[in-house]
Amino acid sequence: MKKFIFKYLLVSFSVFVTFPACVKDMEIDVPETSRKVVVTCLFNPQDKWELTLSKTKNIKENVDIYIENANVEIIAETGEIIALDYTGENGVYKSDNYPEMNRSYTLKVNIPGHNEITAESMVPDFVKATVPDFEIKWVKYLYPNNLMDYDVFPLQVNFGETVQDARFLFRSYYFDPKEGYNRYMLTTDTLEKLKKAGLPENAYLELAKLADQWIVDQWIFDQILFKLVFFEDFDLKQRLSHLLYQDLKQKTVSVREYEAFGRSVCFGNDYWLNNVSYDVMTTIGEAKNVTHAKLLYANANLKYSMEHNNSRDEEFWLEAIQASKDYIDYYRTYILQVSQRINPYSEPVMVHSNINNATGIFAGYNRQMIYLFTY
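Under my numbering, think of the first position of the sequence shown as 808, with each following residue one higher.
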């Protein structure tokens, strides 16, 4: 057993006097556990094969542990063998091949000194989802899981056929054409300039992970400076921010990349759809023989703009994901686990895994983005 010391505060309050906090040591026994390999691979026909290999961490570790020496293969039901090569960073293995719909795939991962890791999954058949013409009628919706009111309007998604085994996730999005086509790059030269100007080592290491890449959100750089510099030295943070954005490279692209969409709020409004725990952004459903899905779409800024006749020139979209059983089970339990972390009385939630001789997820899905309107 390893013993770690945790600090906790006991603070006493009075109507007139606030007493100083007392600090006490609490010894907690943390059992020794062997590390497990973690496999992450959610695949769809629109993106090339990509898989991440890492190891589990103990309670006192903050740095991710990636696996760089694995042999990764994906075998199609036709017998085709797809080799995934290590990219050189963050445990990511990639291939130039794309998954295909309605085809079963078997994952095989071999790591020196470890039993062979396997998993199976497939991309389900594509079911085209459409949203018929609708009128925006705002109503109040009380979400029972957090007892908060939301301004929503109903809409319906039609499948155009009877789906015998329906497994779907729905999310609402918006896209700002003024920002969504912009991409930003922090070059290594600028990063070194920041370091000479006083950039702390921990912030340098975080920014180095993003260097020489085109990034969708320019504010991710400032967020790192805010988190790692602001509270230590406000003036230094301001100087570094000025230098950063002065040298930040910029370009525009002609496509709406998935990462450029902003998330909004979506609820289920049908017997087979629900939101898990406190999550208000993902509606999940499984059912037999369904032809449509009823949803409640929410965007507070949109409602305010409509009430004040203030056009935002933003696009509003709906994402419909048709998923494999493992994909649905993974996301449902993942959301539940994250939600339960804030509840000290809840029991641990195990996230669904379909990996043999390791943990993680290997699951296929189809994604389609449905344009609704521009306002």
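Glycine residues also receive a C-beta, built at the ideal position from the N, C-alpha and C atoms.
Per DSSP, proline 931 forms a beta bridge with which residues?
One-based indexing of the sequence shown puts residue 931 at position 124. For proline 931, which the question treats as bridged, DSSP gives no partner whatsoever.
Q.
I'd like to confirm the pairing. Which residues does DSSP put opposite aspartate 958 in its beta bridges?
A. Taking the first residue of the sequence shown as position 1, residue 958 is located at position 151. Checking the DSSP bridge columns, you'll see aspartate 958 partnered with Lys947.
Going by DSSP, which residues form a beta bridge with glutamate 1093? In the sequence shown, the residue the question calls residue 1093 occupies position 286. According to DSSP, glutamate 1093 bridges with Arg974.
Could you check the C-alpha separation between aspartate 940 and serine 1061 for me, to the nearest Å?
Working through the sequence shown from its first residue, we reach residue 940 at position 133. Working through the sequence shown from its first residue, we reach residue 1061 at position 254. Distance between the alpha carbons of aspartate 940 and serine 1061: 28 Å.
| Collapsed DSSP secondary structure at glutamate 986 in the structure displayed | Taking the sequence shown and counting its residues from 1, one reaches residue 986 at position 179. Helix.
Item checked: threonine 859 versus Asp871, Gln853 and Pro852, residue with shortest Cα-Cα distance -> As a position in the sequence shown, residue 859 is number 52, starting the count at 1. Here the closest residue by C-alpha is Asp871.
Beta-ladder partner(s) of lysine 1101, from DSSP
One-based indexing of the sequence shown puts residue 1101 at position 294. Partner(s): Gln963.
_Taking the straight line between their C-alpha atoms, what separation do you get for glutamate 942 and glutamine 963?_
Residue numbering aside, residue 942 sits at position 135 when the sequence shown is read from its first letter. Residue numbering aside, residue 963 sits at position 156 when the sequence shown is read from its first letter. Cα-Cα distance, rounded: 11 Å.
Handout entry: glycine 987 versus histidine 921 - alpha carbon distance
Key = Residue mapping note: residue 987 aligns to position 180 of the sequence shown, counting from 1. Residue mapping note: residue 921 aligns to position 114 of the sequence shown, counting from 1. For glycine 987 and histidine 921, the distance between alpha carbons rounds to 44 Å.
Quiz item: So, helix, strand or coil for lysine 1044, using DSSP?
Solution: In the sequence shown, counting from the first residue as 1, residue 1044 sits at position 237. Helix, per DSSP.
Going by other Cβ atoms of all chains shown within 10 Å of its Cβ, with 16 needed for buried, is lysine 1044 buried or exposed? Working through the sequence shown from its first residue, we reach residue 1044 at position 237. It is buried - the Cβ of lysine 1044 has at least 16 other Cβ atoms within 10 Å.
message = My output table needs one value for glutamate 1114: the three-state DSSP class, helix, strand or coil.
response = Numbered from its first residue, the sequence shown carries residue 1114 at position 307. Three-state DSSP puts glutamate 1114 in a helix.
Task: Contact set for glutamate 880: own chain, Cβ-Cβ below 6 Å, skip 5 residues either direction - done: Translated into positions along the sequence shown, residue 880 becomes position 73. Once the five neighbours on either side are set aside, the close Cβ partners of glutamate 880 are Ile888, Ala890 and Lys915.
- Message: Rounded to whole angstroms, what is the Cα-Cα separation between valine 1156 and glutamine 1144?
- Response: Translated into positions along the sequence shown, residue 1156 becomes position 349. Translated into positions along the sequence shown, residue 1144 becomes position 337. Using only the alpha carbons, I get a separation of about 5 Å.
*Proximity below 8 Å, CB of alanine 1165 to CB of valine 946*: Your numbering for residue 1165 matches position 358 in the sequence shown. Your numbering for residue 946 matches position 139 in the sequence shown. No, the Cβ-Cβ distance between alanine 1165 and valine 946 is not below 8 Å.
May I ask which residues mark the beginning and end of the beta strand (DSSP E) holding valine 1072?
Sequence index remark: in the sequence shown, residue 1072 carries index 265 (1-based). Residues 1072 to 1075.
> Which one of Gln1175, Glu1154, Gln1147 and Lys1132 has the shortest CA to CA distance from phenylalanine 1169?
Replying inline: Sequence index remark: in the sequence shown, residue 1169 carries index 362 (1-based). Here the closest residue by C-alpha is Lys1132.
Quiz prompt | Cβ-based burial, aspartate 1153 [other Cβ within 10 Å; buried from 16] | solution = The residue given as residue 1153 occupies position 346 in the sequence shown. Inspection of the sequence shows that residue 1153 is occupied by serine rather than by aspartate. Classification for serine 1153: exposed.
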